[in-house]
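Numbering (full-length UniProt numbering), first residue to last: 1 to 376.
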């Protein structure tokens, strides 16, 4: 975890000059020279002198070695030469799922979820309640029954988000083995279920705009959702997440209805209509077996609607010559004018692609399908 956090910080630093000076490019202008990888070399020193530590880090994907040979050194040799040239590249680091290395462990006592507490990261649902414990049972006539007043539930301080863990284990596991099914005559892998309603499944801090970008699944009901407020207290450097009323005070359905009836959005999506029509549209998205709806948020404030889908069984996939089993596609919509602009588009679009790769490393291609009359 310490190495991952250090690399996370380091790869946010200004990029060094990646141009290489080779014999063939010695007389070539700088901009025309080949570029190398931004790498960080890991030396077998200090805490990395552990007998199997570097091997474990390589198995987890955090470090690499160009020497893929077995090696001739004995297993008892404490400093094998082929483990002395380990490195991490920026390209590979950002493709690792952080849930392998980072997950919360600190617990706290809170009121059970059904008492009205909300999760941070603008999710209207609290975390899943813990399983009953022996302390929460009382003996009646020789049998155990739930006590009248259940004890406080032990949950993590960070109740929501992709790093929530109540078992002291990582929150990421490799994808399940492939199984095939048919949909409308198309053979494709059986898909794992997407995140549930209200779940925040992706969070990152974007230094260039000084805001947190998060993606969550919208909620169908009409209850008002809360916004996010981030602050740093003088006594701690950790992020403090508190609930503040959303500036618009609108539910997810209200926001989607507002966006779809914007003439700019309707020109591309063609879904303008009554609230009941938009509700049915959202229901179809939530019930789809090959896609799911997404709200993008800046500092907890929703700004856009997206759909992430599997191309193989989508109607779009039938028009393509070759589609991978795990290729994904995106539908995008920015509803709030204050969050428009090419700079933000690059951020949230690359983050959506980043999520697709993290969700399943077998994904090779992420597709967009702009209309033929699209001018951007």
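Every residue gets a Cβ at the ideal spot worked out from N, C-alpha and C, and that includes glycine.
Beta carbon of residue 328 nearer than 8 Å to that of residue 334: No, these two residues do not count as a Cβ contact at 8 Å.
Please name the residue or residues paired with residue 298 in a DSSP beta bridge. 213 and 301
Is it buried or exposed for residue 283, if we count other Cβ within 10 angstroms and need 16 for buried? Of the residues assessed, residue 283 falls on the exposed side of the cut-off, its CB having fewer than 16 other CB atoms within 10 angstroms.
Cβ neighbours of residue 314 in the same chain (closer than 8 Å, five flanking residues each side left out): 290, 291 and 329
Would residue 44 and residue 54 qualify as a contact pair, given that the criterion is a beta-carbon distance under 8 Å? yes
Per DSSP, residue 28 is paired with what? The partner list for residue 28 (beta bridge, DSSP) is empty, contrary to what the question assumes.
Through-space distance from residue 348 to residue 211, alpha-carbon basis: 12 Å
Assuming contact is defined by CB atoms lying nearer than 8 Å, are residue 33 and residue 19 in contact in what I supplied? yes
Among 287, 300 and 208, which one has its Cα closest to the Cα of residue 249? 300
Got a sec, what are the start and stop residues for the alpha helix (DSSP H) residue 266 sits in? 263-269
Would you grab the beta carbon distance between residue 95 and residue 357 for me? Rounded to a whole angstrom, and I think it's under 8 Å. Contact between residue 95 and residue 357 holds, since their C-beta atoms are separated by about 6 Å, short of 8 Å.
Starting from the N-terminal side, write out each stretch of the alpha helix (DSSP H) that is 4 residues or longer and does not extend beyond the segment 301-345. Annotation: the segment 301-345 contains no complete segment of the alpha helix (DSSP H) (minimum length 4 residues).
Please name the residue, chosen from 268, 273 and 317, that lies closest to residue 375 on a Cα-to-Cα basis. 268
Start and end residues, beta strand (DSSP E) containing residue 181: 180-183
For residue 193, tell me which candidate among 317, 286, 206 and 8 has the shortest Cα-Cα distance. 286
Go through its chain and collect everything with a Cβ distance to residue 260's Cβ below 6 Å, but skip five positions before and after it. Excluding positions up to five away in sequence, the list reads 271, 272 and 278.
Assign residue 16 to buried or exposed, taking buried as 16 or more other Cβ atoms, counted over all protein chains shown, within 10 Å of its Cβ. exposed
With respect to the alpha helix (DSSP H) encompassing residue 276, which residues constitute its N-terminal and C-terminal limits? 275-287
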